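Peer 1:
In full-length UniProt numbering, the protein residues as written are 1 to 463.
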């Protein structure tokens, strides 16, 4: 979607410098949509596309374009950082992460850089803010891309989840050991929730019949993912609850969704419907497995490997925290590079591939200490406060599109942050890129400052 001359995008560019400058930020914004689309569709398989013989993966290459843009056209990054305290707080978190990484760089070398993904993917937030400062119409472009991707995403994700158990025998991504069928169920659930939020927050993107049909497909994806991963289920429920809180017809929508789920589960149970293939962890794709997963969230004894998974995580978390305290590293953290799991005698099927507490928030405590987790908590309290207040203000001002995008950003962030308690998602670009892009977009659409669209409504808010 393009803007005619004299619209907010042009005025914003003139405020920050010559409109012809910052073209690399426009390129970054154009690359961001396909990058996120690849992550949503193919998860780890897409994330592991890289230059042969180098650690430059597709996400890092796109970040590289944005980094060059930031050097060439610094003004588009300076203005938001100067005007938005929340970005300064994010910068403090990144700076502390950099300090802790540098302390281990001489000893652990590339491992220290790899583990620093926990904080360096925050750069996505800074870069999307700068790209939107240069060209506010990029937001409309991203929404249009998500709308076009919706059918392909919702048709592929159920197949991707069902075929995931075949990943060990499937072909691998070139120059890697990652299967092309490697797709985490938690990531699939978040992707489906993102599409569901877009369908109902931005209803003009589809007809009512089309929206209803694709919503059913999204619920099917979430149900399939929930049979395999409880963290993703909790994240989606939390994110959807946040989204419903900002909708006027929330009671009717919630009742409709609950009715569909109850009827669907009831029919599947009565007919004993299940897919004749177990998931990656041996869990069935069935209504009974979904019910067992939900029941296990209440702390009751769980069948199969559900209880063992919880106990294993709790044991790992306890050992790592105990070691932090015993080593006197609780305040500043252990830094980056060492394998935290193997240090406490926990291995992933006898291998050293497990490097973290399997909980991104606890991982921040372990690597960056109480200083890091304090910055982390303050950052998200500030961001949520800003977005909730911003949504109310935008509603009063009639900026419907910007408000709905802010609500969608809240949904994505909530789903990811809750899911991160059970899965180290911030350490991989396939979810981290989505989270930090949502963070940056949320900052842009709720700003009062003229660096984004001259403080005017988006073109999509105009009659």
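From the three backbone atoms N, C-alpha and C, an ideal C-beta is built for every residue, glycine too.
Remember, predicted model here, so these are calculated numbers, not experimental data.
Applying the 10 Å Cβ sphere with the 16-neighbour rule, what's the burial state of residue 175?
Peer 2: Numbered from 1 along the chain shown, position 175 holds the residue referred to as residue 175. With fewer than 16 Cβ atoms within 10 Å of its Cβ, residue 175 is classed as exposed.
Peer 1: Which two residues bound the contiguous alpha helix (DSSP H) that contains residue 445?
Peer 2: Reading the chain shown from its first residue, position 445 is the one you call residue 445. 429-445 is the span of the alpha helix (DSSP H), which, as asked, contains residue 445.
Peer 1: Spatial neighbours of residue 190 within its chain, please: C-beta separation below 8 angstroms, excluding the five flanking residues on both sides.
Peer 2: Position 190 of the chain shown holds residue 190. Contacts found: 232, 235, 236, 239, 412, 415, 416, 419, 431 and 434.
Peer 1: Alpha carbon to alpha carbon, what distance is there between residue 128 and residue 441?
Peer 2: Locating residue 441 in the chain shown gives position 441, where the first residue counts as 1. Locating residue 128 in the chain shown gives position 128, where the first residue counts as 1. So the alpha carbons of these two residues sit roughly 7 angstroms apart.
Peer 1: Please tell me whether residue 46 and residue 65 are closer than 9 angstroms, where the distance is taken between their beta carbons.
Peer 2: Residue numbering aside, residue 46 sits at position 46 when the chain shown is read from its first letter. Residue numbering aside, residue 65 sits at position 65 when the chain shown is read from its first letter. Against a cut-off of 9 angstroms, the Cβ pair of residue 65 and residue 46 comes out as no contact.
Peer 1: Report yes or no: do three or more beta-carbon pairs, one from the stretch 322-340 and one from the stretch 358-366, lie closer than 8 angstroms?
Peer 2: yes
Peer 1: Going by DSSP, what residues sit across from residue 332 in a beta bridge?
Peer 2: Here residue 332 refers to the residue found at position 332 when the chain shown is read from its first residue. For residue 332, which the question treats as bridged, DSSP gives no partner whatsoever.
Peer 1: Checking the sheet assignment: what are the DSSP bridge partners for residue 179?
Peer 2: Numbered from 1 along the chain shown, position 179 holds the residue referred to as residue 179. 172, per the DSSP bridge assignment.
Peer 1: Using 8 angstroms as the cut-off, can you tell me whether the stretch 96-103 makes contact with the stretch 333-343, which would need three or more C-beta pairs spanning the two stretches below that distance?
Peer 2: Yes, the stretch 96-103 touches the stretch 333-343.
Peer 1: CA-CA distance, residue 116 and residue 156?
Peer 2: Position 116 of the chain shown holds residue 116. Position 156 of the chain shown holds residue 156. Cα-Cα distance, rounded: 32 angstroms.
Peer 1: In three-state terms, what does DSSP make of residue 25?
Peer 2: Taking the chain shown and counting its residues from 1, one reaches residue 25 at position 25. Note: residue 25 maps to helix in three-state DSSP.
Peer 1: For residue 86, count the other beta carbons within 10 Å of its own beta carbon; 16 or more makes it buried, fewer makes it exposed. Which is it?
Peer 2: Taking the first residue of the chain shown as position 1, residue 86 is located at position 86. When all chains shown are included, residue 86 counts as buried.
Peer 1: Between the alpha carbons of residue 246 and residue 111, how many angstroms are there, rounded?
Peer 2: Indexing the chain shown from 1 puts residue 246 at position 246. Indexing the chain shown from 1 puts residue 111 at position 111. Each residue's alpha carbon lies about 43 angstroms from the other.
Peer 1: Could you give the residue range of the alpha helix (DSSP H) that holds residue 167?
Peer 2: Taking the chain shown and counting its residues from 1, the one referred to as residue 167 is at position 167. That residue, residue 167, is in no alpha helix (DSSP H); it is neither H nor E in DSSP.
Peer 1: Compare the beta carbon distance of residue 356 and residue 429 with 9 angstroms and say whether it is the shorter of the two.
Peer 2: Within the chain shown, numbered from 1, the residue matching residue 356 stands at position 356. Within the chain shown, numbered from 1, the residue matching residue 429 stands at position 429. No.
Peer 1: I need the DSSP call for residue 57, collapsed to helix, strand or coil.
Peer 2: Working through the chain shown from its first residue, we reach residue 57 at position 57. Note: residue 57 maps to strand in three-state DSSP.
Peer 1: Using the rule of at least 16 other Cβ atoms within 10 Å of the residue's Cβ for burial, across every protein chain shown, is residue 446 buried or exposed?
Peer 2: Reading the chain shown from its first residue, position 446 is the one you call residue 446. Buried: at least 16 other Cβ atoms inside 10 Å.
Peer 1: Quick one: residues in its chain with C-beta nearer than 6 angstroms to the C-beta of residue 70, no 5 flanking neighbours on either side, listed in chain order?
Peer 2: Taking the first residue of the chain shown as position 1, residue 70 is located at position 70. These residues qualify, in order along the chain: 77.
Peer 1: Can you tell me whether DSSP reads residue 109 as helix, strand or coil?
Peer 2: The count along the chain shown starts at 1 and reaches residue 109 at position 109. The answer is coil: DSSP assigns residue 109 none of H, G, I, E or B.
Peer 1: From the DSSP output, in three-state form, read off residue 363 for me.
Peer 2: For this step, residue 363 is matched to residue 363 along the chain shown. Correct three-state label for residue 363: helix.
Peer 1: Tell me the rounded alpha-carbon separation between residue 243 and residue 402.
Peer 2: For this step, residue 243 is matched to residue 243 along the chain shown. For this step, residue 402 is matched to residue 402 along the chain shown. Each residue's Cα considered, the two are about 14 angstroms apart.
Peer 1: Looking only at its own chain, which residues have a Cβ that is under 7 angstroms from the Cβ of residue 386, when we skip the five neighbours before and after it?
Peer 2: If you number the chain shown from 1, residue 386 lands on position 386. These residues qualify, in order along the chain: 86 and 446.
Peer 1: Within the same chain, show all residues whose beta-carbon is closer than 7 angstroms to that of residue 43, passing over the 5 residues directly before and after it, in chain order.
Peer 2: Taking the first residue of the chain shown as position 1, residue 43 is located at position 43. Closer than 7 angstroms at the Cβ level, and outside the excluded window around residue 43, lie 182, 183, 184, 187 and 430.
Peer 1: Taking the C-alpha atoms as reference points, what is the distance between residue 450 and residue 392?
Peer 2: In the chain shown, the residue the question calls residue 450 occupies position 450. In the chain shown, the residue the question calls residue 392 occupies position 392. Those two C-alpha atoms are separated by around 19 angstroms.
Peer 1: Rank 80, 60, 96 and 133 by C-alpha distance to the C-alpha of residue 26 and give the top, closest one.
Peer 2: Counted from its first residue, the chain shown places residue 26 at position 26. Of 80, 60, 96 and 133, the residue nearest in Cα terms is 133.
Peer 1: Apply the 10 Å Cβ neighbour rule to residue 179 and answer buried if 16 or more other Cβ atoms are within range, or exposed otherwise.
Peer 2: Here residue 179 corresponds to residue number 179 of the chain shown, with the count starting at 1. Counting the other CB atoms within 10 Å of its CB gives residue 179 a total of 16 or more, which places it among the buried residues.
Peer 1: Can you grab the Cα-Cα spacing for the pair residue 436 / residue 74, in whole Å?
Peer 2: Sequence index remark: in the chain shown, residue 436 carries index 436 (1-based). Sequence index remark: in the chain shown, residue 74 carries index 74 (1-based). Taking the straight line joining both Cα atoms gives about 20 angstroms.
Peer 1: Just list the residues that DSSP pairs residue 50 with in beta bridges.
Peer 2: Working through the chain shown from its first residue, we reach residue 50 at position 50. 57.
Peer 1: Let me know if residue 22 comes out buried or exposed under the rule of 16 or more other beta-carbons within 10 Å of its beta-carbon.
Peer 2: On the chain shown, position 22 is the one that residue 22 refers to. Around the beta carbon of residue 22, 16 or more other beta carbons sit within 10 angstroms, so the residue counts as buried.
Peer 1: Check whether chain C comes within 9 angstroms of residue 260, counting only Cβ atoms and requiring the distance to be less than that.
Peer 2: Given the protein chain composition of this structure (a single chain), no chain C is represented.
Peer 1: In terms of residue numbering, what span does the alpha helix (DSSP H) encompassing residue 217 cover?
Peer 2: Locating residue 217 in the chain shown gives position 217, where the first residue counts as 1. 208-226 is the span of the alpha helix (DSSP H), which, as asked, contains residue 217.
Peer 1: Nearest CA to the CA of residue 379: which residue from 82, 443, 339 and 399?
Peer 2: Residue mapping note: residue 379 aligns to position 379 of the chain shown, counting from 1. Nearest option by C-alpha distance: 443.
Peer 1: Do residue 120 and residue 94 have their CB atoms nearer than 9 angstroms?
Peer 2: Position 120 of the chain shown holds residue 120. Position 94 of the chain shown holds residue 94. Residue 120 places its beta carbon less than 9 angstroms from that of residue 94.
Peer 1: Would residue 89 pass as a contact of residue 382 if the rule is Cβ separation under 9 angstroms?
Peer 2: Numbered from 1 along the chain shown, position 89 holds the residue referred to as residue 89. Numbered from 1 along the chain shown, position 382 holds the residue referred to as residue 382. Yes. Within cutoff.
Peer 1: With a cut-off of 8 angstroms on the beta carbons, I'd call residue 483 and residue 62 a contact; round off their distance for me.
Peer 2: Since the first and last residues shown for the chain are 1 and 463, residue 483 lies out of range.
Peer 1: With residue 194 and residue 215 assumed to form a contact (beta carbons below 8 angstroms), what rounded beta-carbon distance in angstroms separates them?
Peer 2: Position 194 of the chain shown, counting from 1, holds the residue named residue 194. Position 215 of the chain shown, counting from 1, holds the residue named residue 215. That belief does not hold up - the Cβ atoms of residue 194 and residue 215 are roughly 13 angstroms apart, past 8 angstroms.
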